[in-house]
Amino acid sequence: MQRVCFLLKVKAELAEEYRARHETVWPQMLAALSASGWRNYSLFLRPDGLLVGYLETEDFGAALAAMAATEVNARWQSQMAHYFEGIDGGAPDAAMVPLTEVFHLE
4 MQRVCFLLKV KAELAEEYRA RHETVWPQML AALSASGWRN YSLFLRPDGL
54 LVGYLETEDF GAALAAMAAT EVNARWQSQM AHYFEGIDGG APDAAMVPLT
104 EVFHLE
């Protein structure tokens with residue numbers, strides 16, 4: 004199982020709205036994530052907009068590609084894009100660059 008952690012930057016003035024949007028993630032989006040191999044997926048948001056994401060999957064590239072092939076993900080990403088800094092109009096999931104794991108305790 005591959006553990007993946009990534010950072011993104013939510014616009015600070017939209018951080019609370021972004022958090023609220025995740026209280027009602029569409030059931031179709033949740034189903035697509037699960038079907039695409041995303042497990043134990045969490046997002047953590049600091050008040051200044053720093054977003055830390057964590058997930059486990061067999062193959063992160065394959066999990067991203069599987070989500071990219073879904074219509075529900077395209078709709079979700081287009082609605083979420085305006086919340087982020089530094090993605091230049093792109094989809095937020097395209098900016099998810101995994102951090103290098105340097106330590107893990109089981």
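Read in the numbering used here, the sequence shown has 109 at position 106, and its numbers run on one by one without any break.
Even glycine gets a Cβ: it sits at the ideal position worked out from N, Cα and C.
What you are looking at is a predicted structure, and each value in this text was computed from that prediction instead of being measured.
| Check | Outcome |
| --- | --- |
| Close-in-space but distant-in-sequence residues of the same chain around Y57 (CB under 6 Å, 5 per side omitted) | C8, S45 |
| Contacts around W79, its chain only, beta-carbon distance under 6 Å, and the 5 residues preceding and following it disregarded | M32 |
| Alpha helix (DSSP H) runs contained entirely in the stretch 24 to 48, provided each spans 4 or more residues | 30 to 38 |
| Pairwise C-alpha distance: D51 and S39 | 31 Å |
| Secondary structure of F63, DSSP reduced to three states | helix |
| Delimiting residues of the beta strand (DSSP E) encompassing V7 | 5 to 12 |
| Residue from A15, V75, L17, A69 with nearest C-alpha to P30 | V75 |
| Per-residue DSSP class, three states only, for L108 | coil |
| Collapsed DSSP secondary structure at L58 in the structure displayed | strand |
| Test item: CB-CB of Y86 and V13 under 8 Å | yes |
| Short Cβ contact (8 Å threshold) for V55 with F63 | no |
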